[in-house]
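Chemist: Below you'll find the structure I mean.
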Amino acid sequence: MMFHKMVRPTLAAAAALAVSLGFTACSRDYVAAYVYAPSNTTGSISAYGVDYQSGVLTQINGSPFPSQLTNPVTLVTHPNNKFLYLIGGTQNAEVEEFAIGTDGKLYGSNTYNITGTYPTAAAVDTTGKFLYVTYQYQKAYTPVSTGPGGLTIFPINSDGSLGTAVNMNLGMYPAAVAVSAITCAPNAALGSTNPACTGTYGSGHQNVFVYVVDQGDQTVVAFTQNVATGALTVAGSSTCAATTPSTCTGYAAGVTPSAIGVDPTGRFVYVTDKTSNEVIGYSSALTSNGALTPLTSSPYTTGSYPVGLTIDPRGDYLYTANYNGGSVSGFSINSSNGSLGTIASTSGFTTKTGPTCVTIEPALGIYLYTSNYLDGSISGGQLSANTGQLSGVVDSPFPTSTQPVCIASVANGSHASSLVNP
Numbered sequence: 080m081m082f083h084k085m086v087r088p089t090l091a092a093a094a095a096l097a098v099s100l101g102f103t104a105c106s107r108d109y110v111a112a113y114v115y116a117p118s119n120t121t122g123s124i125s126a127y128g129v130d131y132q133s134g135v136l137t138q139i140n141g142s143p144f145p146s147q148l149t150n151p152v153t154l155v156t157h158p159n160n161k162f163l164y165l166i167g168g169t170q171n172a173e174v175e176e177f178a179i180g181t182d183g184k185l186y187g188s189n190t191y192n193i194t195g196t197y198p199t200a201a202a203v204d205t206t207g208k209f210l211y212v213t214y215q216y217q218k219a220y221t222p223v224s225t226g227p228g229g230l231t232i233f234p235i236n237s238d239g240s241l242g243t244a245v246n247m248n249l250g251m252y253p254a255a256v257a258v259s260a261i262t263c264a265p266n267a268a269l270g271s272t273n274p275a276c277t278g279t280y281g282s283g284h285q286n287v288f289v290y291v292v293d294q295g296d297q298t299v300v301a302f303t304q305n306v307a308t309g310a311l312t313v314a315g316s317s318t319c320a321a322t323t324p325s326t327c328t329g330y331a332a333g334v335t336p337s338a339i340g341v342d343p344t345g346r347f348v349y350v351t352d353k354t355s356n357e358v359i360g361y362s363s364a365l366t367s368n369g370a371l372t373p374l375t376s377s378p379y380t381t382g383s384y385p386v387g388l389t390i391d392p393r394g395d396y397l398y399t400a401n402y403n404g405g406s407v408s409g410f411s412i413n414s415s416n417g418s419l420g421t422i423a424s425t426s427g428f429t430t431k432t433g434p435t436c437v438t439i440e441p442a443l444g445i446y447l448y449t450s451n452y453l454d455g456s457i458s459g460g461q462l463s464a465n466t467g468q469l470s471g472v473v474d475s476p477f478p479t480s481t482q483p484v485c486i487a488s489v490a491n492g493s494h495a496s497s498l499v500n501p
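The sequence shown begins at 80 in my numbering and counts up by one.
Given below as structure tokens:
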């Protein structure tokens with residue numbers, strides 16, 4: 080695994096630079112990243128700058144920023160750190176596009192209809208070309224007359240706007256979605272319609288895997304992506320039938336699978352089971368058919384009701400947000416086999432009540448934040464790059480709008496994001 084080194088000036092050097100250039104402590108050069116948390120009740124998005132020395136959050140002038148959506152459920156950011164997509168609505172399910180200014184401010188633009196109702200989750204692929212949004216019900220079904228859900232696929236244009244949506248019917252209650260980085264394997268049967276791999280990616284064809292949690296079916300459904308169109312084809316032993324109602328089969332994922340993540344190399348997939356209080360780990364057969372195989376040491380115990388999951392940008396650590404437990408569980412990731420080891424301590428970091436999502440800012444990759452739904456706040460922690468242990472950020476928690484339903488972060492344009500080459 081190769082890492083791109085990031086240069087972080089010493090505090091003394093930074094102070095000297097500030098004096099020589101006339102910067103103040105609130106100068107943009109001291110902002111490593113930006114953090115965003117939408118309110119489920121007001122629809123507005125609270126926005127913060129991350130102090131690179133301390134991780135302290137400072138609310139951006141003009142925050143919270145209004146949106147056109149009701150009942151937001153999640154948000155995702157573009158890998159170029161310039162765009163944010165808010166997902167919300169119930170029967171009128173939509174995506175709202177925001178441009179992120181150089182000062183972290185949000186500028187709302189277009190809204191786009193999702194092809195189903197009651198959206199649940201979203202993911203942008205690592206190239207920034209496609210947005211995937213899962214929804215609970217196809218148009219023919221409702222909470223009263225229940226049935227299967229699906230996936231809306233949006234192409235993303237260079238200006239951040241979304242193209243014409245394509246629908247894909249899935250199984251019961253698609254609840255989460257994740258997209259792998261580009262991987263390469265010499266097997267011509269996999270991704271053979273995609274461009275050939277070059278440079279550090281290796282030989283073969285480019286492969287991107289998309290994983291959807293069908294919560295109602297207690298499975299993870301695996302797909303390969305056409306990197307030109309974003310279209311998906313079932314992978315491994317997963318199946319999807321265009322019947323009425325539509326059905327999909329996949330890989331067993333516990334009792335109530337809730338959140339999903341893929342490590343930066345694309346080799347390992349992790350799913351939280353919020354009923355069993357566990358993380359289930361899988362290895363992905365990148366060199367054959369993309370099948371998922373449960374890790375031999377899986378599952379791994381978390382706190383109570385894990386509903387959120389994130390992996391640090393270097394692929395070393397995994398953290399879950401435990402809603403009922405009011406806590407974060409931390410694990411180290413074995414780079415050889417994907418197994419999880421419990422981090423010695425996260426006791427130095429505490430959340431408030433009802434943490435829903437957890438994010439690690441991608442600029443330095445050391446500051447972690449949770450959206451605390453019941454408390455109306457954000458908790459901040461700093462992780463040790465050597466051990467993964469968490470300590471609290473000064474002045475945490477930070478107030479936000481009521482019921483922050485999720486949280487996301489982007490790197491400030493003056494700071495490079497952490498990167499991992501598969």
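For every residue, glycine included, the Cβ atom is placed at its ideal position computed from N, Cα and C.
Could you tell me the distance, in whole angstroms, from the CA atom of Ala126 to the CA atom of Gly459?
Modeler: In a straight line, the C-alpha of Ala126 is about 14 Å away from that of Gly459.
Chemist: Closest by CA to Ser415, which one among Gly122, Leu185, Thr199 and Asp342?
Modeler: For Ser415, the nearest C-alpha among the options comes from Asp342.
Chemist: Out of curiosity, what's the CA-to-CA distance linking Gly319 and Gly250?
Modeler: A small fix is needed here, since residue 319 is Cys in this sequence, not Gly. Answer to the nearest angstrom: the Cα atoms are 8 Å apart.
Chemist: Using the beta-carbon count (16 or more within 10 Å), is Ala332 buried or exposed?
Modeler: Classification of Ala332: buried, given that the 10 Å Cβ count is 16 or more.
Chemist: Please report the Cβ distance between Tyr214 and Ala172, rounded to the nearest whole angstrom; I am assuming they are in contact, meaning their Cβ atoms lie under 8 Å.
Modeler: Right, their Cβ atoms sit about 6 Å apart.
Chemist: Output the distance between the C-alpha atoms of Ser488 and Thr312, rounded to the nearest integer angstrom.
Modeler: Taking the straight line from one Cα to the other gives about 30 Å.
Chemist: Return the residue from the list Gly128, Gly168, Pro143 and Phe162 that minimises the CA-CA distance to Thr149.
Modeler: The shortest Cα separation from Thr149 among Gly128, Gly168, Pro143 and Phe162 belongs to Gly168.
Chemist: Helix or strand or just coil, what does DSSP make of Gln294?
Modeler: Gln294: helix per DSSP, three-state reduction.
Chemist: Can you give the Cα-Cα distance for Gly183 and Leu210, rounded to whole angstroms?
Modeler: Gly183 and Leu210: Cα-Cα distance of roughly 22 Å.
Chemist: Would you kindly check if the distance between the Cβ of Ile445 and the Cβ of Leu462 is under 8 Å?
Modeler: Yes, Cβ-Cβ distance for Leu462 and Ile445 is below 8 Å.
Chemist: In this structure, how does DSSP classify Tyr349 when only helix, strand and coil are distinguished?
Modeler: Here Tyr349 sits in strand by DSSP.
Chemist: For a test of the three-state rule: what should DSSP assign to Gly109, helix, strand or coil?
Modeler: As written in the sequence, residue 109 is Tyr, which differs from the Gly given in the question. Three-state result, Tyr109: helix.
Chemist: Pair every Cβ in the segment 448-459 with every Cβ in the segment 174-192, then say whether three or more of these pairs are closer than 8 Å.
Modeler: Taking 8 Å as the limit for Cβ pairs, the verdict is that the segment 174-192 does not touch the segment 448-459.
Chemist: Over what stretch of residues does the beta strand (DSSP E) that includes Val437 continue unbroken?
Modeler: Start and end: Pro434 to Ile439.
Chemist: Within the continuous beta strand (DSSP E) that includes Tyr131, where are the two ends?
Modeler: No beta strand (DSSP E) holds Tyr131; DSSP gives it neither H nor E.
Chemist: Determine the direct distance from the alpha carbon of Ile412 to that of Leu374, and round the result to whole angstroms.
Modeler: Answer to the nearest angstrom: the Cα atoms are 12 Å apart.
Chemist: Taking the Cβ atom as the reference point for each residue, do Phe410 and Tyr384 lie within a distance shorter than 8 Å?
Modeler: Not in contact: Phe410 and Tyr384 (Cβ atoms no closer than 8 Å).
Chemist: Short of 6 Å in beta carbon distance, which residues of its chain neighbour Ser188, apart from the five on each side in sequence? Order them along the chain.
Modeler: These residues qualify, in order along the chain: Glu176.
Chemist: Should Val212 and Ile193 be called a contact, given that it needs their Cβ atoms to be closer than 8 Å?
Modeler: Yes. Within cutoff.
Chemist: Quick check: what's the CA-CA separation for Gly195 versus Tyr216?
Modeler: C-alpha separation (whole angstroms): 6 Å.
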